[in-house]
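Visitor: My structure is below; once you've seen it, I'll send some questions.
So, in structure tokens, the structure goes:
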């Protein structure tokens, strides 16, 4: 398996027909570099650096797993006011690597901060002494293998030399390709919005593919903006939007030791000062972040290992949003539902079965189930004008919507997943070999 | 797909190499019949009757799903002191079939009880008027399809005519084959034990394959004994043993609307009267029921849809048994673990990932992971003499044991599952078509 950026740039027909990636452009205050550190047997970029020359405010959410990787342990200890670098590596998750894995990050952060301090001295009027504690790490790949400290450390000079201070879609693509593992496509999304009359960019990249399950959903997701917002407001924005985006997707029901979604703001745009999350002038920006996160989340699901269809599960009319999420998540994680959809079989009985597994009292006399525009089961019996042939045709599409009306209240939740195909097994039975 | 009993009877090499079925023989008080009702397109038995001519004490446990089939609704209302018939059909689950599905069972039970009352008048010295409320139903198959009342009703005369009053391994096999759906093998198990000096038989049959997840685990499991025990004691015995057998297995993590395990005692053997479950003379009998249930449960997992390997997950040294079950169940239900094992890849990192998803605080410095006799991860780092080549060889076997030592207490739980193969997808993407 070889990755060639040109495959993704030049020919639009090779892009996902389900949810497309978007082209990103320059954003002030974000510098990027991506190099190979020889971590895979074949040649590809595995080391991606985001360098914030003037620092960035930031916020992160991490996996809810109880066994977390060494880089997440590192990140959780970071108390810096501003972050100056985010270093991401693939191939090795640095999880279950113990003290040795943690010490490796310490060494890399010391080396990288010293190299970046040299860059500051070379480039900046008021050079900043960058500390190892102003660096975050993203790691993804195999769990439990020795972390390749030497290879990564030896690649740092090359990585720092190749920092690009002006971005274009090619550089963003290189970064997005540099963080993937079994993903088949890079994941990039963007929005432009306003705070006051100032135009603000919201850019994001992600990687997904396996171990995609709330809560946290993707393995890695990074959002960059040139807005001028405090870390505390960024935290509120991230929390507010993660629930219905990265925490509303599932590929295989497994949660990684390494999940991480972060947002960085470089404060390069002058706009009216925003002091709190509730400020109404933040509404459009908040929506832009939501759109970028949701778009990335859908790209992750559409490119879930072996996926051939994107499935949206809309559970409506529950007593609480939690109930609606619980039910839609049970449907999204049912192997029997996911395999039926892979087989383009409108087997709504399996959807009913999954609803029954939600631990909520369901009244079948109030329950309705639709696939796309087609009502199938309606309050206790098959819908009178249900025509299976039409639904079989509908199942041939690449985007399948299932709606479940519980008939107990007014709360809704939409969950996204993919179908489960033989390809998934193929990828995961042979991942390391 | 055609089933031929001779394939299973005559050539032992066609039996599962993982967990074999056993041959059953005559048991007093149990009469059996199995016929085709034309429910499948090809010819096979789909209707199996267990007739207890002198009645049977009984106990059942049912699915924990919140959407249950119409036959379970029926069974839960039965208050009879003794049961005279258990009627099982395949092909149609009678779930999400509403009032019509329930009324169908009413009609069938009236017809069957009347037919069996005629049989009583013909055969018995003191004929019993059998009531429709002394009949239990087991249903399995597709959810949400119209229940085939007419076909089943029309087959009742044939079914009753063909009742066999003396059993042998062929008749048991016919019954076990008559209740399966996508199972590749019939599931039968037996034990002989003693209460006092009297020899007691414990026979069981089951069907499984898909939607196998606690709690309840199998779709259908039925135990028959000639012991003389009250329904209340049977209930205690079933509850006592279900936790570590049918509720300790998982194939695909889905729970059916129809799960049902029952035990019937015909009281044909004279043995010292047992008044309570705690009676020490019941110890061997209790163990025999456990052995039969566990053997059937293992047969269900070994024949799980697409299974090529039986996986035992032994979680040891937890604070509570619940914790141990929680962790072992997370491992057993991880698609990434199950696909890695299908690929014969000792990817213990995925086991660690699954442990992290258990919602329990795990200390990686106390955690150890072994595959078979091979220690891999030991208290914070790779085990010093870990040799991956040996474990790769071990993974080629048909029975894989994973042991996880949490190092927090003294409680253990063993969970059984299967690997996840392309065959699973094949079966479930094409189930109805």
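Residue numbers (the numbering used here), protein chains in the order written: chain B, 726 to 1158; chain L, 726 to 1158. Ideal Cβ placement from N, Cα and C applies to all residues, glycine included. Predicted model, so just to flag it, every value in this text is computed and none were measured.
1) Taking residue 1149(B) as the reference, which of 873(B), 829(B), 871(B) and 1031(B) has the closest Cα?
2) Check whether the Cβ of residue 1075(B) lies closer than 8 Å to any Cβ atom in chain L.
3) Starting from the beta carbon of residue 1089(L), find every residue of chain B whose beta carbon is closer than 8 Å, and list them in chain order.
4) So is residue 998(L) buried or exposed if we call it buried at 16+ other beta carbons inside 10 Å?
5) Please list, in chain order, the residues of the region 979-992 of chain B that have any C-beta partner in chain L closer than 7 Å.
6) Can you tell me whether residue 1094(L) is buried or exposed? The criterion is at least 16 other CB atoms within 10 Å of its CB, across all chains shown.
7) Could you pull the start and end residues of the beta strand (DSSP E) that residue 1143(B) belongs to?
8) What does the alpha-carbon distance come out to for the pair residue 743(L) and residue 910(L)?
9) Since residue 863(B) sits in a beta bridge, which residues does DSSP pair it with?
10) Assuming residue 840(L) contacts residue 885(L) under a Cβ cut-off of 8 Å, what Cβ separation, rounded to an integer in Å, is found between them?
11) If you reduce the DSSP assignment to three classes, tell me which class residue 736(L) lands in.
12) Tell me whether the region 820-840 of chain L and the region 872-885 of chain L touch, counting them as touching only if at least three CB pairs, one residue from each stretch, are closer than 8 Å.
13) Taking Cβ positions only, does residue 962(B) come closer than 8 Å to chain L?
14) For chain L, is any of its Cβ atoms less than 8 Å away from the one on residue 1143(B)?
15) Residue 1130(L) bridges to which residues according to DSSP?
16) Residue 983(B) and residue 818(B) - do their beta-carbons sit closer together than 8 Å?
17) Is the CB of residue 1049(B) under 8 Å away from at least one CB in chain C?
18) Output yes or no for whether 8 Å exceeds the beta carbon distance between residue 1041(B) and residue 1133(B).
19) Can you tell me the Cα-Cα spacing of residue 1057(L) and residue 1063(L), whole angstroms?
20) Whole-angstrom Cβ separation of residue 1143(B) and residue 1026(B), contact assumed at under 8 Å?
21) Please list the residues of the region 757-770 of chain B that have a C-beta atom closer than 9 Å to any C-beta atom in chain L, keeping them in chain order.
22) So for residue 786(B), helix, strand or coil by DSSP?
23) If we define contact as Cβ-Cβ less than 8 Å, is residue 1151(B) a contact residue for chain L?
24) Is the Cβ of residue 1140(L) closer than 8 Å to any Cβ of chain B?
25) Output needed for residue 1108(B): all residues of its chain with C-beta closer than 7 Å, excluding positions within five of it in sequence on either side, in chain order.
26) Looking only at its chain, what residues have a beta carbon closer than 6 Å to the beta carbon of residue 942(B), apart from the 5 residues adjacent to it on each side?
27) Could you pull out every residue in the same chain whose Cβ sits closer than 8 Å to the Cβ of residue 770(B), ignoring the five residues on either side in sequence?
28) Please return the same chain residues whose Cβ sits closer than 6 Å to the Cβ of residue 863(B), not counting the five positions on each side in sequence.
29) With the cut-off set at 8 Å, would you say residue 876(L) and residue 763(L) are in Cβ contact?
30) To the nearest angstrom, how far is it from the Cα of residue 939(B) to the Cα of residue 1078(L)?
31) By Cβ distance, which residues of its chain are closer than 6 Å to residue 1083(L), with the 5 residues on each side in sequence left out?
32) In three-state DSSP terms, what is residue 824(B)?
33) Please say whether residue 776(L) and residue 809(L) have beta carbons closer to each other than 8 Å?
34) In this structure, does DSSP put residue 1152(L) in helix, strand or coil?
35) For residue 722(B), count neighbouring Cβ atoms within 10 angstroms of its own Cβ and tell me buried if that reaches 16, exposed if not.
36) Give a yes or no on whether the C-beta atoms belonging to residue 781(B) and residue 990(B) are separated by under 8 Å.
Guide: Taking the structure as given:
1) For the purposes of this step, residue 1149(B) is taken as the residue at position 424 of the first chain. Cα-wise, what sits closest to residue 1149(B) is 1031(B).
2) Here residue 1075(B) refers to the residue found at position 350 of the first chain. Closer than 8 Å to some Cβ of chain L, the Cβ of residue 1075(B) qualifies, so yes.
3) Position 364 of the second chain, counted from the start, is the residue given in the question as residue 1089(L). Chain B residues near residue 1089(L): 792, 821 and 823.
4) Translated into positions along the second chain, residue 998(L) becomes position 273. The residue in question, residue 998(L), is exposed, as its Cβ has fewer than 16 Cβ neighbours within 10 Å.
5) 979, 980, 981 and 982
6) On the second chain, residue 1094(L) is found 369 positions in, with the first residue counted as 1. Residue 1094(L) should be labelled buried.
7) Mapped onto the first chain, residue 1143(B) falls at position 418. Residues 1136-1143.
8) Numbered from its first residue, the second chain carries residue 743(L) at position 18. Numbered from its first residue, the second chain carries residue 910(L) at position 185. Approximately 12 Å, taken between the alpha carbons.
9) Along the first chain, read from residue 1 onward, the residue named residue 863(B) stands at position 138. Looking at the DSSP assignment, residue 863(B) forms a beta bridge with 813(B).
10) Counting from one through the second chain, the residue named residue 840(L) turns up at place 115. Counting from one through the second chain, the residue named residue 885(L) turns up at place 160. So it is a contact: roughly 5 Å between Cβ atoms.
11) Within the second chain, the letter at position 11 stands for residue 736(L). Because the pLDDT of residue 736(L) is 36, which lies under 50, any placement of that residue in the model is unreliable, and the question is left without a value.
12) yes
13) Here the question's residue 962(B) lines up with position 237 in the first chain. No, residue 962(B) lies away from the interface with chain L (no Cβ there is under 8 Å from its Cβ).
14) Stepping through the first chain from its first residue, residue 1143(B) is reached at position 418. Chain L contact via Cβ: absent.
15) On the second chain, residue 1130(L) is found 405 positions in, with the first residue counted as 1. Answer by DSSP bridge pairing, in chain order: 1041(L) and 1093(L).
16) Looking up residue 818(B) in the first chain gives position 93. Looking up residue 983(B) in the first chain gives position 258. Cβ distance < 8 Å, so residue 818(B) and residue 983(B) count as in contact.
17) In the structure shown, chain C cannot be found, because the protein chains are B and L.
18) Counted from its first residue, the first chain places residue 1041(B) at position 316. Counted from its first residue, the first chain places residue 1133(B) at position 408. No, they are not a contact pair.
19) By one-based count along the second chain, residue 1057(L) stands at place 332. By one-based count along the second chain, residue 1063(L) stands at place 338. Taking the straight line joining both Cα atoms gives about 7 Å.
20) Translated into positions along the first chain, residue 1143(B) becomes position 418. Translated into positions along the first chain, residue 1026(B) becomes position 301. So it is a contact: roughly 5 Å between Cβ atoms.
21) The residues in question: there are none.
22) The residue given as residue 786(B) occupies position 61 in the first chain. Of the three classes helix, strand and coil, the one that applies to residue 786(B) here is strand, per DSSP.
23) One-based indexing of the first chain puts residue 1151(B) at position 426. Chain L, which has a Cβ nearer than 8 Å to the Cβ of residue 1151(B), makes this yes.
24) What you label residue 1140(L) is simply residue 415 of the second chain in a count that begins at 1. It does not; no Cβ of chain B falls within 8 Å.
25) To locate residue 1108(B), count along the first chain from 1; it is residue 383. 1100, 1101 and 1102.
26) The residue given as residue 942(B) occupies position 217 in the first chain. The pLDDT assigned to residue 942(B) is 38, lower than 50, so where the model puts this residue is not dependable, and the model offers no usable value.
27) In the first chain, residue 770(B) corresponds to position 45, counting from 1. Within the same chain, residue 770(B) has close Cβ partners 759, 760, 761, 899, 902 and 903.
28) For this step, residue 863(B) is matched to residue 138 along the first chain. Only 813, 945 and 985 meet the Cβ criterion.
29) As a position in the second chain, residue 876(L) is number 151, starting the count at 1. As a position in the second chain, residue 763(L) is number 38, starting the count at 1. A contact, by the Cβ cut-off of 8 Å.
30) Position 214 of the first chain, counted from the first residue, corresponds to residue 939(B). Position 353 of the second chain, counted from the first residue, corresponds to residue 1078(L). Any reading at residue 939(B) must be qualified, since the residue scores a pLDDT of 42, below 50, and its modelled position is unreliable; no value is offered.
31) Position 358 of the second chain, counting from 1, holds the residue named residue 1083(L). The residues are 1051, 1052 and 1055.
32) Translated into positions along the first chain, residue 824(B) becomes position 99. Residue state, collapsed to three classes: helix.
33) On the second chain, residue 809(L) is found 84 positions in, with the first residue counted as 1. On the second chain, residue 776(L) is found 51 positions in, with the first residue counted as 1. In terms of Cβ geometry, residue 809(L) and residue 776(L) form a close pair [threshold 8 Å].
34) Start at 1 with the first residue of the second chain, and residue 1152(L) comes out as number 427. Looking at residue 1152(L) - three-state DSSP - the assignment turns out to be helix.
35) Here chain B has residues from 726 to 1158 only, and residue 722(B) is not among them.
36) Your numbering for residue 781(B) matches position 56 in the first chain. Your numbering for residue 990(B) matches position 265 in the first chain. Yes, they are a contact pair.
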